[in-house]
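373 is the number that the numbering used here gives to position 328 of the sequence shown; each next residue is one higher, with no gaps.
Notes for the one structure printed next.
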Amino acid sequence: MADTYVPIAPRPSPVRTTGFVPWARRNLFADWRSTLTTLFVGALIVYLLPGLIHWAFLRAVYVNDADACQAARGIGACWGVVTEKYRIILFGRYPYDEQWRPLIATAVMLGGLLLSCMRAFWKPWLPLLWLGVLVLFFTLMRGGVPGLSPVRTDLWGGLPLTVMLATLSLFMAFPLSIVVALGRRSQLPAIRSACIVYIELIRGVPLISVLFMASFMFPLFMPQGVTLDVLVRVIVGITLFAAAYMAEIIRGGLQAIPKGQLEAADTLGLSYWQTQRKIVLPQALAMVVPSMMNNFISVFKDTSLVTIVSLYELTGALALALNSDVNWRPFKIEAYLFITLVYFTFCFSMSRYSLWVEKQLSASKAR
């Protein structure tokens, strides 16, 4: 007797795990505590949001009229302070008629950062591209070439100074931190001790102390008649500070590498530097991407401390703009909200890029 084909009854589709509803169920309403917290926060937002919208947008003053802002004080925001002072906030004490130069210089450096974040541009010629970016940036900012009047570094400020300090400091701190992390794990006592002293000494003091030493104390140890520009001293101070913290982050990644991989590299006859470059460092750096990005974001925000050495970056330029004009001084909240948005944009972009890098690195571990 021939077998009779009996089709299997259709099974219900699997539960959807992507989209807003599954995300909300998993993160906002997972249990009664999470649900209660979500409802409380939601009710608080519903209660405060209408008033915030009225203050920030509907009743706000957008024109640079100090009298109109005074009339709306306590009722609506005064975004006119941003309209009036944005050039000082963004460019500091840089000569007003020459502010197109820092604008182009900042755009060039941000363009270089953006291209460096794209895999298509991870080519051997990328360092040459950055050499051109830095030459163009400092040529535009400093001047002194035909067609560009010279501008002293103590007049640089605002967003260009913030971006430049963070970028150069991190670029120089990254290779230094790798060397220091490897040195702290070295079998040579002199090298290991020197790296430990450097890390613990730098990590034991706040950045403001490092900047103070670099700006005011370091010149006392220079030979008579030899001086370094204050901007150079600040960059060196931030670089050393960032490298000390990053070295400990990288050392944590180095310790996570199984010892068996090092023994396998020795069996293959690889030298110490071949082992580090081809086996250890790629894995160690991949493990500590989130921690390194936290350090990058921290350094970007810590550039606000250079105000103590009379370099007015974004935050210092804001104080400079408002303290010199009594008519706009009462509207500091709106001005600080403006630079908060600037900082948030940069920091949020870095965090999103970190997540993208983690996703790319995790692809090799997928099964």
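Even glycine gets a Cβ: it sits at the ideal position worked out from N, Cα and C.
On a predicted model such as this, the values are computed, not experimentally measured, just so you know.
query: residue 157 and residue 174 look like a contact to me (Cβ under 8 Å); what is the Cβ gap, rounded to whole Å?
result: Yes, they are in contact, since the Cβ atoms of residue 157 and residue 174 sit about 7 Å apart, within 8 Å.
query: Mapping DSSP to helix, strand and coil, what is residue 141?
result: Residue 141 falls in the helix class under three-state DSSP.
- request: Could you check which residue in 145, 405 and 226 has the C-alpha nearest to that of residue 298?
  value: Closest by alpha carbon: 226.
- prompt: What residues in its chain sit with their C-beta under 8 Å from that of residue 311, if we drop five residues either side in the sequence?
  reply: Cβ neighbours of residue 311 beyond the five flanking positions: 320.
message: Let's test the definition: count the other Cβ atoms within 10 Å of the Cβ of residue 85 and tell me whether it reaches 16, buried, or not, exposed.
response: The residue is exposed, with fewer than 16 neighbouring Cβ atoms inside 10 Å.
- request: Check each candidate in 388, 397, 355 and 402 and name the one with the smallest Cα separation from residue 138.
  value: Measuring C-alpha to C-alpha distances from residue 138 to each of 388, 397, 355 and 402 identifies 355 as the nearest.
field: residue 141 versus residue 147 - alpha carbon distance
entry: Between residue 141 and residue 147, the C-alpha separation is close to 11 Å.
- prompt: From this set, 392, 395, 360 and 391, which residue's C-alpha is nearest residue 378's C-alpha?
  reply: Minimum Cα distance to residue 378 is reached at 360.
task: Tell me, to the nearest whole angstrom, how far the beta carbon of residue 351 is from that of residue 277; I am working on the premise that it is less than 8 Å.
output: Residue 351 to residue 277, Cβ: 12 Å. No contact.
field: Buried versus exposed call for residue 205 [16 or more other C-beta atoms within 10 Å across all chains shown]
entry: Burial call: buried.
- prompt: Any idea what DSSP makes of residue 398, helix, strand or coil?
  reply: Helix at residue 398.
- request: Leaving out five residues on either side along the sequence, give the residues of the same chain with a beta carbon under 8 Å from the beta carbon of residue 329.
  value: Close CB contacts of residue 329 within its chain, under the 8 Å cut and outside five residues either way in sequence, are with 295, 298, 299, 301 and 302 (chain order).
- prompt: Just the Cα atoms here: how many angstroms apart are residue 263 and residue 254?
  reply: Taking the straight line joining both Cα atoms gives about 12 Å.
Whether residue 210 touches residue 358 by CB criterion (9 Å): For residue 210 and residue 358, yes; Cβs fall inside 9 Å.
field: Where residue 228 sits in the DSSP three-state scheme
entry: Residue state, collapsed to three classes: helix.
message: DSSP three-state label for residue 162, please.
response: The DSSP-derived three-state label of residue 162 is coil.
field: Inter-stretch contact (C-beta, 8 Å, three-pair minimum) for the stretch 120-140 and the stretch 94-111
entry: Two segments are said to touch when three or more pairs of C-beta atoms, one from each, lie closer than 8 Å; by this definition the stretch 120-140 touches the stretch 94-111.
Euclidean distance between Cα positions of residue 241 and residue 382: Take the alpha-carbon of residue 241 and the one of residue 382: they are about 41 Å apart.
- prompt: Terminal residues of the continuous alpha helix (DSSP H) containing residue 343?
  reply: Element bounds for residue 343: 334-347.
message: Quick check on residue 357: does DSSP put it in helix, strand or coil?
response: Strand.
field: 7 Å Cβ shell around residue 256 - same chain, five flanking residues per side excluded
entry: The residues are 279, 282, 350, 351, 353 and 354.
- prompt: Buried or exposed: residue 125, going by 16 or more other Cβ atoms within 10 Å of its Cβ?
  reply: Counting Cβ neighbours within 10 Å, residue 125 comes out buried, since at least 16 surround it.
query: Which parts of the stretch 94-136 are runs of the alpha helix (DSSP H), unbroken and 4 residues or longer, counting only runs that do not cross its ends?
result: As far as the stretch 94-136 is concerned, its whole alpha helix (DSSP H) runs of at least 4 residues are 111-116 and 125-136.
- prompt: Among residues of its own chain, excluding the 5 on either side of residue 229, which ones have a beta-carbon nearer than 8 Å to its beta-carbon?
  reply: Within the same chain, residue 229 has close Cβ partners 237, 240, 241, 244, 292 and 296.
- request: Tell me whether the beta-carbon of residue 99 lies closer than 9 Å to the beta-carbon of residue 119.
  value: Residue 99 places its beta carbon 9 Å or farther from that of residue 119.
Boundaries of the alpha helix (DSSP H) in which residue 413 is found, first to last residue: Residue 413 lies beyond the range of the chain shown here (46 to 412); nothing can be said about it.
query: residue 162 to residue 270, Cα distance in whole Å?
result: Computed Cα separation, rounded: 42 Å.
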